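Undergrad: My questions all concern the structure below.
Numbering (full-length UniProt numbering), first residue to last: 1 to 282.
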């Protein structure tokens, strides 16, 4: 089964449903500056025996790019609109990075809709240094580029040095991720697929307000995954998150950074399988 399309609403969402019809539904939310296609490898490995929804969140990829409305609640309400349109009453929700914060917000607002929650390598907020670095990263990259050759040259020869100087780790993966988010605009220049002002709004100070209260209030089985070498979710914050609620189970993935599902996809999927057994009482 494969279904792809656009969903009209507050934001027109480009989505894809794969897997087996009438199987238990799962939703995967990508991170800041990402797209639903970031989950392709995981979807291929997980679609047997499940229905899986991936989509480009507002301001990202092929979805609509409204001029405003980039609070976590806006993202969460888009998800509600989409699963309602698909007729999914309860599902497992997986979110990475920004998607993890959206997932937490959704779980707080609509707990009855979730069988389980998976938060991947992100804390409950208050990480202004990461927000600042993300904003500076976007400002640092000289988009739009004149053409593909100029973009390729920048990421091949200049980006790594600038990113290292700005304190970023895993710059090769980061550069590849960012380069994959470029496209040729109608004007013939090479620019972001995402809406840059929306990305900046998503990491602005109001969006970074701590949401520990939402973690404390979680009532569904929850899996928190951290990459062993992550510079987004510190070991201390990870431990605090696990300790704050008995419903939260924490797992650290060896030899993975922030992009846990890309760095160690097999280990990532194994943890999702274990979590599913937990949901089934196995």
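Using N, Cα and C, we set each Cβ at its ideal position, and we do this for glycine too.
Owing to the predicted nature of the structure, the values given are computational and were not obtained by experimental measurement.
Give the straight-line distance between the Cα atoms of residue 279 and residue 180, rounded to the nearest whole angstrom.
TA: Looking at the two C-alpha atoms, the distance is approximately 35 Å.
Undergrad: Buried or exposed for residue 156, please, with buried defined as at least 16 other CB atoms from any protein chain shown within 10 angstroms of its CB.
TA: Burial call: exposed.
Undergrad: Return the chain-ordered ranges of every alpha helix (DSSP H) run that is complete within the segment 1 to 89 and spans a minimum of 4 residues.
TA: Whole alpha helix (DSSP H) segments, 4+ residues: 40 to 46, 72 to 86.
Undergrad: So the candidates are 68, 232, 141, 77; which of them puts its Cα closest to the Cα of residue 162?
TA: Minimum Cα distance to residue 162 is reached at 141.
Undergrad: Going by beta carbon distance, what residues of the same chain come within less than 6 Å of residue 75, once the five residues before and after it are set aside?
TA: Excluding positions up to five away in sequence, the list reads 57, 102.
Undergrad: How would you write the range of the alpha helix (DSSP H) that residue 212 sits in, first residue to last?
TA: Element bounds for residue 212: 212 to 216.
Undergrad: To the nearest angstrom, report how far apart residue 52 and residue 119 are at their CA atoms.
TA: Each residue's alpha carbon lies about 17 Å from the other.
Undergrad: By Cβ distance below 6 Å, which residues in the same chain neighbour residue 35 in space, the five residues on each side in sequence not counted?
TA: If we look at residue 35 and ignore the five residues flanking it on each side, its Cβ neighbours are 56, 60, 61.
Undergrad: Going by CA-CA distance only, name the one from 69, 266, 259, 94 that's closest to residue 173.
TA: Comparing Cα-Cα distances from residue 173 to each of 69, 266, 259, 94, the minimum goes to 259.
Undergrad: Give a yes or no on contact between the segment 266 to 275 and the segment 235 to 248, applying the rule of three or more CB pairs nearer than 8 Å.
TA: Taking 8 Å as the limit for Cβ pairs, the verdict is that the segment 235 to 248 does not touch the segment 266 to 275.
Undergrad: Give every residue of the same chain whose Cβ lies closer than 6 Å to the Cβ of residue 133, excluding the five residues on either side of it in the sequence, and list them in chain order.
TA: Counting only Cβ-Cβ distances below 6 Å, and skipping sequence neighbours, we find nothing.
Undergrad: Cβ of residue 79 within 8 Å of Cβ of residue 27?
TA: It is a contact, given that the beta carbons lie within the stated cut-off.
Undergrad: Could you check where the beta strand (DSSP E) with residue 283 kicks off and where it finishes?
TA: No statement about residue 283 is possible, as the shown extent of the chain runs from 1 to 282 and does not include it.
Undergrad: List the residues that DSSP assigns as beta-bridge partners of residue 224.
TA: Note: residue 224 sits in a beta bridge opposite 119, 250.
Undergrad: Just the Cα atoms here: how many angstroms apart are residue 272 and residue 146?
TA: Approximately 42 Å between the Cα atoms of the pair.
Undergrad: In or out: residue 263 buried (at least 16 other Cβ within 10 Å) or exposed?
TA: Buried: at least 16 other Cβ atoms inside 10 Å.
Undergrad: Start and end of the alpha helix (DSSP H) containing residue 238?
TA: Element bounds for residue 238: 235 to 243.
Undergrad: Specify whether the segment 211 to 225 and the segment 178 to 197 touch according to this definition: at least 3 beta carbon pairs, one from each stretch, less than 8 Å apart.
TA: Because the criterion of three Cβ pairs below 8 Å is not met, the segment 211 to 225 and the segment 178 to 197 do not touch.
Undergrad: What does a CB cutoff of less than 7 Å around residue 275 pick up in its chain, not counting 5 residues either side in sequence?
TA: These residues qualify, in order along the chain: 116, 118, 223.
Undergrad: I need the straight-line Cα distance from residue 249 to residue 221, nearest angstrom please.
TA: Near 8 Å, if we compare the C-alpha coordinates of residue 221 and residue 249.
Undergrad: From 198, 236, 235, pick the residue whose C-alpha is nearest to that of residue 70; which is it?
TA: That would be 198, whose Cα lies nearest to the Cα of residue 70.
Undergrad: With the cut-off set at 8 Å, would you say residue 256 and residue 227 are in Cβ contact?
TA: Yes, they are a contact pair.
Undergrad: Residue 166 and residue 200 look like a contact to me (Cβ under 8 Å); what is the Cβ gap, rounded to whole Å?
TA: Residue 166 to residue 200, Cβ: 16 Å. No contact.
Undergrad: How long is the line joining the alpha carbons of residue 144 and residue 152, rounded to whole angstroms?
TA: Going from the Cα of residue 144 to the Cα of residue 152 covers about 12 Å.
Undergrad: Output the boundary residues of the alpha helix (DSSP H) element that contains residue 108.
TA: Looking at the DSSP string, the run of the alpha helix (DSSP H) that includes residue 108 is 98 to 109.
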